[in-house]
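Residue numbers (the numbering used here), protein chains in the order written: chain A, 24 to 412; chain B, 190 to 311. For reference, the structure is listed below as structure tokens.
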Amino acid sequence: MVETGIPKLDDFLGGGIPVGKSLVYYNQPGIEGEIFGLQTIYSNLKSGGTGVFVVSSTMPDLVKSQFKEFGWDIELYNDKLFFVDAYNPLIGAPSNEKYVVSQPDNIEGFNKIITDLIKELPPSTIVFGSLSTIMDLCGEKETIEAVKTWNKMAMLYDHVIIYNFTAWPYSQETLDLIKNDLFNAVISIGGIAERVIFGQYFGILKSDWTEETKKSMLFRVLRPGGIKLYIPKILVTGAFDAGKSTFVHALSTRAISVDRLGTTIALDHGHIDYKGFSADIFGTPGQERFDPIIKLLSGESMGVFLVVDSTNPADFVRAKHMLEITKAYGLPYIIVANKQDVSGALTPEEIKEQFNMPEDVTVVPVVAKDKIGVFEAFEVLIDKITGGT
Amino acid sequence: MSDTIDMVDKLLADLKNIGGVEACAAASRDGLLIRAVMQKELYLESLVAMSATILGASETATTQVQKGVPNRVIVETDYGKLIIVGAGPKALLIVLASQDTGLGLILLELQKSAMKLKELLK
């Protein structure tokens with residue numbers, strides 16, 4: 024198995040890409056899809072693999088500086104990473120790479136280099152920086168025939184072969200072939216402007232070695248950092264004095280609060296970067312007089328932390344009511360059983376019983392002020408939001 | 190769908206072009222950033238969440254006493270100005286301006302842009 028290095032995508036694919044398989048990142052124009060190939064190659068180098076990057080839309084040196092931009096030091100892997108230069112010859116510039124396609128507008132030239140390389144190298148991850156550029160230069164039909172050969176050969180020699188493809192207006196026949204037949208797996212990468220969520224997503228369109236999942240994930244590209252799964256809003260709610268703000272601050276890489284005399288009057292807002300996820304956290308006030316604001320700000324959440332004071336079962340009714348106010352029913356939510364260090368705190372099991380909640384609701388024990396359990400809680404909720412593994 | 194994004198970007202770019210405007214952003218009423226244009230890279234997510242809270246709290250306050258909804262909220266500090274206007278039921282617009290800028294033109298254009306954004310997100 025070769026891991027894509029894209030958070031969650033490997034889980035969706037059952038661990039990664041099996042040796043001998045082909046995969047295409049199918050980008051809508053205007054989306055930052057090129058980075059998927061880079062991230063996959065880098066994650067392979069890191070785990071000791073060999074990588075080949077076929078550069079056809081820009082200078083290899085530029086690609087190298089792109090790696091650096093993301094904070095990925097490829098110098099460490101100079102003997103494991105090979106570039107195929109199919110750009111410099113096109114503009115008449117000299118090339119410093121070992122593998123050079125001297126006539127990038129002729130598919131025969133490509134064919135020779137790629138097939139030689141497939142035979143020569145140990146099992147590697149071969150990434151085509153831009154299949155669309157090759158198609159533009161060599162013709163759609165010719166390129167498709169070549170791709171068929173490359174995929175078969177990669178299978179024979181135990182490589183993993185990956186293409187970045189941008190879906191410019193090619194013939195419908197070509198696009199259909201790429202989406203349906205040509206590759207073992209197709210990852211579609213696109214943009215959405217749905218209601219007020221504007222962003223970029225990826226999802227599996229096809230994969231012949233794993234159960235298909237229709238799940239798609241929002242992502243962001245961070246420099247440095249690469250692809251992070253993005254969750255625009257996670258709500259933290261609960262009764263007065265349950266420890267919501269403390270929880271938001273414990274969880275967040277950076278956070279701000281609007282509070283007076285130690286109680287939140289408007290909103291806590293925090294941002295967290297953790298294990299490939301990038302999420303914004305909204306913490307509501309707990310007191311009833313702020314209910315209008317809570318209603319206003321709780322829309323579009325993707326998941327909810329319901330924070331309760333484990334020592335104060337009297338507030339559980341209010342906590343449940345908060346779930347209603349925030350319209351959180353139907354969203355993935357978990358109960359954060361805070362103040363577990365205080366004597367008299369109920370155990371998660373007791374809380375579950377007292378709450379009278381459905382079986383599948385998870386209660387996570389937490390001491391927010393000491394950051395105990397907060398990241399466990401985050402992982403549990405993220406798993407629920409992303410549909411588990 | 191990416192067309193809507195382009196159109197929102199164009200609308201923000203126009204706003205940004207007004208003298209004295211340092212940053213502007215479109216956001217949802219519930220505090221999520223839609224798109225932003227700014228001079229220097231700022232972390233806008235918190236600003237946007239707080240702006241939605243400010244506008245929401247203002248609207249709740251004034252409607253409670255039968256004074257209707259505010260046309261805009263202007264926050265002035267020693268170093269600049271923050272202006273928030275509603276743009277239909279789903280969205281709002283946020284402008285950050287430098288302290289020495291007159292608000293006349295900005296408010297006029299902001300009102301127009303708010304109308305446009307409302308239409309774009311219908």
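Positions of the beta carbon are idealized from the N, C-alpha and C atoms, including for glycine. Keep in mind it's a predicted model, so treat the numbers as computed, not measured.
Counting only beta-carbon separations shorter than 9 Å, does residue i have a partner in chain B?
i	result
I250(A)	no
P112(A)	no
F328(A)	no
D96(A)	no
A289(A)	yes
D303(A)	yes
L241(A)	no
I408(A)	no
P255(A)	yes
I279(A)	yes
G322(A)	yes
H182(A)	no
I316(A)	yes
L319(A)	yes
F59(A)	no
F221(A)	yes
A351(A)	no
H292(A)	yes
G214(A)	yes
Less than 9 Å between CB atoms is the rule here; does residue i satisfy it with respect to chain A?
i	result
G269(B)	no
M190(B)	Legend: pLDDT at M190(B) = 48, less than 50; position of this residue unreliable, value from coordinates given subsequently. Yes, M190(B) counts as interfacial toward chain A.
A202(B)	no
V258(B)	no
V197(B)	yes
L231(B)	no
L299(B)	no
D219(B)	yes
S302(B)	no
I194(B)	yes
L222(B)	yes
Compare the beta carbon distance of residue i and residue j with 9 Å and say whether it is the shorter of the two.
i	j	result
A208(A)	K44(A)	yes
S260(A)	T349(A)	Before going further, note that residue 260(A) is Thr rather than Ser in the sequence given. Contact: yes.
K103(A)	G60(A)	no
I405(A)	M380(A)	no
L292(B)	G208(B)	no
W191(A)	L36(A)	no
A215(B)	L200(B)	yes
G326(A)	I257(A)	yes
L297(B)	V284(B)	no
T63(A)	E26(A)	yes
L309(B)	M196(B)	yes
F206(A)	Y180(A)	no
S302(B)	L236(B)	no
V210(B)	I243(B)	no
Does the ligand ADP have even one heavy atom less than 8 Å from the beta-carbon of residue i?
i	result
R277(A)	Ligands displayed in this structure: none; no statement on the ligand ADP is therefore possible.
Let me know if residue i comes out buried or exposed under the rule of 16 or more other beta-carbons within 10 Å of its beta-carbon.
i	result
W173(A)	buried
H344(A)	exposed
R246(A)	exposed
S321(A)	buried
L369(A)	buried
R312(A)	exposed
A250(B)	exposed
V389(A)	buried
N67(A)	buried
I408(A)	buried
T412(A)	Reliability of the predicted coordinates at T412(A) is poor, the pLDDT of 38 falling under 50, and the value obtained from them is presented with this limitation in mind. By the neighbour-count rule (16 or more Cβ atoms within 10 Å), T412(A) is not buried but exposed.
Whose C-alpha, out of the options, is nearest the C-alpha of residue i?
i	options	result
M178(A)	F313(A), P255(A), K142(A) and L61(A)	K142(A)
P127(A)	L140(A), T138(A), N119(A) and N111(A)	N111(A)
P259(B)	E248(B), Q253(B), G269(B) and T266(B)	E248(B)
P30(A)	M158(A), F378(A), F225(A) and V78(A)	F225(A)
V397(A)	F270(A), D199(A) and D96(A)	F270(A)
G275(B)	L299(B), Y268(B), V254(B) and T290(B)	L299(B)
Q363(A)	V86(A), F76(A), K251(A) and V330(A)	V330(A)
L113(A)	G299(A), M82(A) and D139(A)	M82(A)
V365(A)	F106(A), A391(A), E382(A) and P315(A)	A391(A)
K298(A)	A278(A), V281(A) and L252(A)	L252(A)
S20(A)	K229(A), S155(A), M176(A) and G214(A)	An answer regarding residue 20(A) cannot be provided, because it is not within the stretch 24 to 412 covered by chain A.
L200(A)	E168(A), V403(A) and I184(A)	E168(A)
A280(B)	A238(B), G257(B), T252(B) and A202(B)	A238(B)
| request: Any chance you could list the alpha helix (DSSP H) runs of at least 4 consecutive residues sitting entirely within the segment 34-81 of chain A, in chain order? | output: 57-69
| Taking only runs of the alpha helix (DSSP H) that begin and end inside the segment 213-274 of chain A, which ones reach a length of at least 4 residues, in chain order? | 267-274
| message | Runs of 3 residues minimum, wholly inside the segment 111-178 of chain A: which ones carry the beta strand (DSSP E) assignment? | response | 148-151
| Which whole runs of the beta strand (DSSP E) in the segment 205-241 of chain B are 3 residues long or more, in chain order? | 210-217 and 222-227
| message | What ranges does the beta strand (DSSP E) occupy inside the segment 293-365 of chain A, keeping only unbroken runs of at least 3 residues that lie completely in it? | response | 300-306, 326-332 and 356-361
| query | At which residue ranges does the segment 381-410 of chain A contain complete beta strand (DSSP E) runs of 3 or more residues, listed in the order of the chain? | reply | 386-388
| field | Whole runs of the beta strand (DSSP E) within the segment 247-271 of chain B, excluding any shorter than 3 residues | value | 262-265
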